[in-house]
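**Student:**
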Amino acid sequence: MYTRKVLEILPYLINALLYAGLAFHVWRRHWSPAIGVQGAESAFNVKEHYAVLVPLALHCVLLASSVFAADGLHLGVGNAVSAILWLTVLIYWLGNFFYRLDGLQALVLPVAAAAVFLPVVFPSLNPLPNTELPAFKVHLLIAMAAYSLFTIASLHVLLMALLERRLHDGTLPRALRRLPPLLTMERLLFRIIWAGFILLTLTLASGVVFSEELFGRAAKFNHKTVFGVLSWVVFALLLGGRLVYGWRGRVAVRWTLAGFLMLVLAYIGSKFVLEVILGRP
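Letter by letter, the sequence shown follows residues 1 to 281 in this note's numbering.
Written as structure tokens, this is what we have:
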């Protein structure tokens, strides 16, 4: 029994170590004093980029085995957070073809390493009901993509805050010196937020459609709905403030993190309380 348990955990441990090893390499190479030839370093960055595919692919296999079961779709808090972080790493990996954001990679990979273990720590014992409905599948896919984009936006805004602070101090690690200018990063941030906001709007709308298809009534007015709508309002005000008043800098940081916190409380927080604290499916 013990041996079987170890064998079940071993792939998750390997996956976490692969993510952590890459994260350690990125931190050591890019956040330390410059060493070596710049051309060699740029060539190695390509290897770093494609090396992420190894833990990403293993993460996908582990998620598929944990989420998809014979009795239905298991998407408890552990699987949900792990899936969101998998999508976050995937979106980052694809986006890295267009933007040089090595500092963001150093933030994403350690979080992904921790998220890999969550399905083991918080296993989903019961499948989600009504997963055979097309409306629910669409709603779930859009919601996961929205969470992933806002996760990237939150990490991105933290990186911007660090960059701005180091610029004022006059001390920039090599990873920050190689990032795009702050204004370019700010434009990228709001593009990510716009994409996430559109998906969040579709998530709320598809949630109403799914509720009406299943129960014949609009979505319930509960804590999940309240925090979801509050998050939508926060991001709507942030984007409106950006268009009308040119909000940027610390204002953008505060509003982005506030909206992300509301989003976490809307879904992940509610599932954690129900499944882990109250022990309800």
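Every residue, glycine too, gets a C-beta built ideally from N, C-alpha and C.
Quick one: what's residue 68 bridged to in DSSP?
**Tutor:** Position 68 of the sequence shown, counted from the first residue, corresponds to residue 68. According to DSSP, residue 68 bridges with 73.
**Student:** Could you check which residue in 89, 46, 124 has the C-alpha nearest to that of residue 58?
**Tutor:** One-based indexing of the sequence shown puts residue 58 at position 58. Selected option, being the one with the closest Cα: 89.
**Student:** If we ignore side chains and look at the alpha-carbon of each, how far apart do residue 161 and residue 187 end up?
**Tutor:** Taking the sequence shown and counting its residues from 1, one reaches residue 161 at position 161. Taking the sequence shown and counting its residues from 1, one reaches residue 187 at position 187. When rounded, the distance between both Cα atoms is 14 Å.
**Student:** Can you tell me which of 20, 198, 137, 195 puts its alpha carbon nearest to the alpha carbon of residue 72?
**Tutor:** Start at 1 with the first residue of the sequence shown, and residue 72 comes out as number 72. The option with the nearest alpha carbon to residue 72 is 137.
**Student:** Closest to residue 147 by C-alpha separation, out of 119, 10, 67, 267, would be which residue?
**Tutor:** For the purposes of this step, residue 147 is taken as the residue at position 147 of the sequence shown. Closest by alpha carbon: 267.
**Student:** Tell me whether the beta-carbon of residue 12 lies closer than 8 Å to the beta-carbon of residue 116.
**Tutor:** In the sequence shown, the residue the question calls residue 12 occupies position 12. In the sequence shown, the residue the question calls residue 116 occupies position 116. For residue 12 and residue 116, yes; Cβs fall inside 8 Å.
**Student:** Who are the near neighbours of residue 139 in its chain, counting only those whose CB is closer than 7 Å to its CB and skipping five residues on each side?
**Tutor:** Taking the sequence shown and counting its residues from 1, the one referred to as residue 139 is at position 139. Same-chain partners within the cutoff: 203, 206, 207, 210.
**Student:** Using the three-state DSSP reduction, which class does residue 41 fall into: helix, strand or coil?
**Tutor:** Residue 41 sits at position 41 when you count from the first residue of the sequence shown. Because the pLDDT of residue 41 is 46, which lies under 50, any placement of that residue in the model is unreliable, and the number read from its coordinates should be weighed accordingly. Note: residue 41 maps to helix in three-state DSSP.
**Student:** Is it the case that the Cβ atoms of residue 196 and residue 231 are separated by a distance below 8 Å?
**Tutor:** Position 196 of the sequence shown, counted from the first residue, corresponds to residue 196. Position 231 of the sequence shown, counted from the first residue, corresponds to residue 231. No, they are not a contact pair.
**Student:** Spatial neighbours of residue 46 within its chain, please: C-beta separation below 6 Å, excluding the five flanking residues on both sides.
**Tutor:** Counting from 1 along the sequence shown, the entry for residue 46 is found at position 46. Excluding sequence neighbours, residue 46 sits near nothing in its chain.
**Student:** In whole angstroms, what separates the C-alpha of residue 60 from that of residue 111?
**Tutor:** Within the sequence shown, numbered from 1, the residue matching residue 60 stands at position 60. Within the sequence shown, numbered from 1, the residue matching residue 111 stands at position 111. In a straight line, the C-alpha of residue 60 is about 16 Å away from that of residue 111.
**Student:** Please report how far the alpha carbon of residue 25 lies from the alpha carbon of residue 97, in whole angstroms.
**Tutor:** The residue given as residue 25 occupies position 25 in the sequence shown. The residue given as residue 97 occupies position 97 in the sequence shown. Cα-Cα distance, rounded: 20 Å.
**Student:** On a CA-only basis, which of 22, 78, 66 is nearest residue 52? Give me that one, please.
**Tutor:** One-based indexing of the sequence shown puts residue 52 at position 52. Out of 22, 78, 66, 22 has the C-alpha closest to the C-alpha of residue 52.
**Student:** What first and last residue would you give for the alpha helix (DSSP H) that runs through residue 261?
**Tutor:** In the sequence shown, counting from the first residue as 1, residue 261 sits at position 261. Residues 250-264.
**Student:** Given a threshold of 16 other Cβ atoms within 10 Å of its Cβ, counted over all protein chains shown, does residue 151 qualify as buried or as exposed?
**Tutor:** Taking the sequence shown and counting its residues from 1, one reaches residue 151 at position 151. Per the 10 Å Cβ criterion, buried.
**Student:** Could you give the residue range of the alpha helix (DSSP H) that holds residue 123?
**Tutor:** Residue 123 sits at position 123 when you count from the first residue of the sequence shown. Segment: none, residue 123 is in no alpha helix (DSSP H) and carries neither H nor E.
**Student:** Leaving out the 5 sequence neighbours to the left and right, which residues in its chain are closer than 6 Å to residue 113 when beta-carbon positions are compared?
**Tutor:** Position 113 of the sequence shown holds residue 113. 16, 19, 20.
**Student:** Sort 84, 155, 158, 79 by Cα distance to residue 126 and report the nearest one.
**Tutor:** Here residue 126 refers to the residue found at position 126 when the sequence shown is read from its first residue. Comparing Cα positions, the closest option is 79.
**Student:** Residue 99 lies in the alpha helix (DSSP H); which residues open and close that run?
**Tutor:** By 1-based counting over the sequence shown, the position of residue 99 is 99. Careful: residue 99 lies outside any alpha helix (DSSP H) and carries neither H nor E.
**Student:** Put residue 86 into one of helix, strand or coil per three-state DSSP.
**Tutor:** The count along the sequence shown starts at 1 and reaches residue 86 at position 86. Residue state, collapsed to three classes: helix.
**Student:** Assuming residue 83 contacts residue 109 under a Cβ cut-off of 8 Å, what Cβ separation, rounded to an integer in Å, is found between them?
**Tutor:** Position 83 of the sequence shown holds residue 83. Position 109 of the sequence shown holds residue 109. About 17 Å; that fails the 8 Å criterion.
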